[in-house]
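J.: One structure coming up, written as structure tokens, with questions to follow.
Structural data, given as structure tokens:
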């Protein structure tokens, strides 16, 4: 788990240390900033809706404590949802630049000359969309389970948040590894096996990524930092 955390943090460090990576980073950040504004409004609306739906009514003193806990859970659930939505939309919107970033990170790691960045626009975008389908179906299945338990007395909201949080971290890992894995021609089965073989690594990597995704401005840097770090962390050959 600690290894996953340090690898992601190392991606942040390398991303800012290398001028060839920074030149791509600012294009990604600008595009993601525009996207973040739209997602922020959606998260705020969802948090208000969930709080209104779950907040109990009553005059007893303990209702105030319960109301506060429910409000916190509603905000956390909305933030999880916003982080997942931002990751999906962001990875598609900036897919060509993430591809360019990965190519440069790999070249720097190997000590080889930088190649011409002619990946195009349509190819990376279509790959990103196609690779998101199966992980997204898994996320929706876990979301349905969360909805099924959310109405259980007392523990329903907590259980739903834990289920949705785990599912969100798992989905986030698929998205964060997408560009480096695609460059290695990994299919869904190979990506799933990689996460199964290194469960604790991906728990730390995705857990930190999810936490940072919920922080304004910092969330703009998570996708590119993950691409930089995984471009040298994932094995080249099976």
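Numbering (our numbering), first residue to last: -5 to 232. Ideal Cβ positions, reconstructed from N, Cα and C, are used throughout, including at glycine.
Could you check whether the region 68 to 81 touches the region 203 to 215, counting it as contact only if at least three pairs of C-beta atoms, one from each stretch, sit closer than 8 Å?
T.: Touching, yes.
J.: Along the alpha helix (DSSP H) that carries residue 100, what are the first and last residues, could you check?
T.: Start and end: 89 to 104.
J.: Touch check for the region 120 to 136 and the region 167 to 178: three-plus C-beta pairs under 8 Å?
T.: Counting Cβ pairs under 8 Å, three or more are found: they touch.
J.: Could you check whether residue 30 and residue 19 sit closer than 8 Å to each other, using their CB atoms as the reference points?
T.: It is not a contact, given that the beta carbons lie outside the stated cut-off.
J.: Whole angstroms is fine: what's the gap from residue 162's alpha carbon to residue 14's?
T.: Each residue's Cα considered, the two are about 32 Å apart.
J.: Go ahead and label residue 184 buried or exposed: buried means 16 or more other beta carbons lie within 10 angstroms of its beta carbon, across all protein chains shown.
T.: It is exposed - the Cβ of residue 184 has fewer than 16 other Cβ atoms within 10 Å.
J.: Assign residue 145 to buried or exposed, taking buried as 16 or more other Cβ atoms, counted over all protein chains shown, within 10 Å of its Cβ.
T.: With fewer than 16 other Cβ atoms within 10 Å, it is exposed.
J.: Tell me, to the nearest whole angstrom, how far the beta carbon of residue 5 is from that of residue 135; I am working on the premise that it is less than 8 Å.
T.: The Cβ separation is near 30 Å, so there is no contact.
J.: Spatial neighbours of residue 91 within its chain, please: C-beta separation below 7 Å, excluding the five flanking residues on both sides.
T.: Cβ neighbours of residue 91 beyond the five flanking positions: 18, 21, 22.
J.: Give the secondary structure of residue 181 by DSSP, where H, G and I count as helix, E and B as strand, and everything else as coil.
T.: Coil at residue 181, not helix or strand.
J.: Between which residues of its own chain and residue -3 is the CB-CB distance below 8 Å, once the five residues before and five after are set aside?
T.: Excluding positions up to five away in sequence, the list reads 194, 195, 198.
J.: Do residue 183 and the ligand NAP come close, with the Cβ less than 7 Å from some heavy atom?
T.: Of the ligands one can find in the structure shown there are none, so the ligand NAP has no counterpart to examine.
J.: Buried or exposed for residue 66, going by 16 or more other Cβ atoms inside 10 Å?
T.: By the neighbour-count rule (16 or more Cβ atoms within 10 Å), residue 66 is not buried but exposed.
J.: By how many angstroms is the C-alpha of residue 187 removed from the C-alpha of residue 201?
T.: The straight-line gap from Cα to Cα measures roughly 19 Å.
J.: Short of 7 Å in beta carbon distance, which residues of its chain neighbour residue 70, apart from the five on each side in sequence? Order them along the chain.
T.: Closer than 7 Å at the Cβ level, and outside the excluded window around residue 70, lie 155.
J.: CA-CA distance, residue 138 and residue 132?
T.: One C-alpha to the other measures close to 10 Å.
J.: Could you check what DSSP says for residue 209 in three-state terms: helix, strand or coil?
T.: In the structure shown, residue 209 sits in coil (DSSP, three-state: anything other than H, G, I, E or B).
J.: Using alpha carbons as the reference points, say which of 142, 104, 87 lies closest to residue 116.
T.: Nearest option by C-alpha distance: 87.
J.: Do you know whose CA, among 3, 44, 76, lies nearest residue 33's CA?
T.: The shortest Cα separation from residue 33 among 3, 44, 76 belongs to 76.
J.: For the alpha helix (DSSP H) containing residue 164, list its first residue and its last residue.
T.: 150 to 170 is the span of the alpha helix (DSSP H), which, as asked, contains residue 164.
J.: Just to confirm the assignment, what range does the alpha helix (DSSP H) spanning residue -4 have?
T.: Note, residue -4: alpha helix (DSSP H), -4 to 11.
J.: Over the uninterrupted alpha helix (DSSP H) stretch that includes residue 128, give me the two end residues.
T.: Run containing residue 128: 116 to 143, per the alpha helix (DSSP H) assignment.
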